[in-house]
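Right, dumping it as structure tokens:
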């Protein structure tokens, strides 16, 4: 493993030697520079993790060197060394991006501790950068897939709200991708460098929701043993995503309305207003207009939230997008698992197109992922799908059109049930247990119905003449 590099920059040989010996014993690779010009050359060539930089040096002083390092190597941790301890100079270096400072004569133990902290801070910063990059890839616009005209309307609305901080209300059923859209708006907009904080309002108990959102002061209620920042404060300079906002209590709605009007909050038990710069993106699967009429949602809050609405269509209303989504998920899962890409035969795709998808896009992705895991061939076969989707195949060939003959209703029901059982038995190769699974019932029920209708193997799907 390559040793971490520490660059020492000082024009005093005694200090250089002292620091060099102490840090080499810690396992670091030590680089040295006697002036600012040499320091900048070493930074450019060696890319050290940490620089110990004297403020006062001939030719180019430490402040100028710090400024140039931060312009070209923002992740390099710079620790300033000063013999004077002038607070104004120290503050100037901190504003320019110095990690910390030391005063002469240097305390070697303090130097070692400070370098370890600087390296840990650098590691965490790199992890955050990497995670932010991964999130941008995951939530980039290309991952919101669909060619249906209603999806083009979604894209247009997203484009209109990315270059501003307007409040957005995303409407759609569970699984339609509300959080994916919210994150995409955030990560491609003005606040992309700020935090994205998501809150599922439906998952939090009513008595905890207000404290979770707005924070609380010490002693505000039983169990509040310390001051706590809420989600609003954590989202400062960024975006707060309030999912299932229709579940907010009326009391919490009042506090949210105040923030939207004044950009200020108060912690539970607090009296001091806290001014914040937070963009609100809300989402719901409820009919908020109906909730307003019923009195469970404030009308003034509804209008404050509904500045720009982005309605997401359910998957059953854009079935033409299913093949595109399936291909997208195959490619996505391939890149994640590094496995062989599967393909979907027409028979399987036909079932996917016919299914109602109550869980929408999220359910489709889960089905494809499951099929890839349990499948034994390069194709995703019908038997790789959940039984509830396989049942679509059973029901598809039953001919449910109304007959012009005056057949009693009870007889029609019996004819339908008999055809359903025969079709399931044929698909299950007349194995009663498997047929029962396809029908979502028990083997004993199948056996009873076979006896009732006189169904025997080889009967086929014979039409009733009565």
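In UniProt numbering, the protein residues as written are 1 to 466.
No residue lacks a Cβ here, since even glycine has one placed at the ideal position from N, Cα and C.
Asked, Found
"Any non-hydrogen atom of the ligand COA within 7 Å of residue 196 CB", "This structure lacks the ligand COA, and indeed carries no ligand of any kind."
"Rounded C-alpha distance that separates residue 108 from residue 52", "12 Å"
"Neighbour flag for residue 269 against chain C, beta carbons, 8 Å", "Considering every chain present, this structure includes no chain C. It has just one protein chain."
"Which residues DSSP lists as bridging residue 200, in chain order", "243"
"Contact the segment 168-179 vs the segment 248-261: 3+ CB pairs below 8 Å", "no"
"Chain-order list of residues whose beta-carbon lies under 8 Å from that of residue 266 (same chain, five-residue window excluded)", "214, 255, 272, 273, 274"
"N-terminal and C-terminal residue of the alpha helix (DSSP H) that residue 350 is part of", "346-354"
"Supposed close pair residue 245, residue 201 - CB separation, criterion 8 Å", "6 Å"
"Beta carbon of residue 438 nearer than 8 Å to that of residue 391", "yes"
"Cβ neighbours of residue 446 in the same chain (closer than 6 Å, five flanking residues each side left out)", "432, 435, 436"
"Cut-off 6 Å between Cβ atoms - residues of its own chain near residue 398, not counting five sequence neighbours on either side", "Residue placement at residue 398 is flagged as unreliable, the pLDDT there being 47, under the threshold of 50; the coordinate-derived value follows with that caveat. Same-chain partners within the cutoff: 419."
"Residue 441, DSSP secondary structure in three states", "coil"
"According to DSSP, residues forming a beta bridge with residue 77", "50"
"Cβ-Cβ distance between residue 43 and residue 81 below 8 Å", "no"
"Pair within 8 Å by beta-carbon distance, residue 238 and residue 191", "yes"
"Whole-angstrom distance between residue 153 and residue 163, CA atom to CA atom", "17 Å"
"Best match in 426, 19, 416 for proximity to residue 453 [C-alpha to C-alpha]", "416"
"Residue 33 classed as buried or exposed, judged by whether at least 16 other C-beta atoms fall within 10 angstroms", "buried"
"Strand pairing of residue 100, partner residues [DSSP]", "79"
"Top-ranked residue by Cα proximity to residue 104, from 443, 28, 10, 248", "10"
"Spatially closest choice to residue 167 from 157, 174, 173, by CA coordinates", "157"
"Which listed residue (372, 374, 351) has its alpha carbon closest to that of residue 389", "351"
"Span of the beta strand (DSSP E) around residue 282", "278-284"
"Residue 224 versus residue 211: straight-line alpha-carbon distance, rounded", "10 Å"
"Candidates 90, 54, 61, 49, of which the one nearest residue 73 by Cα", "49"
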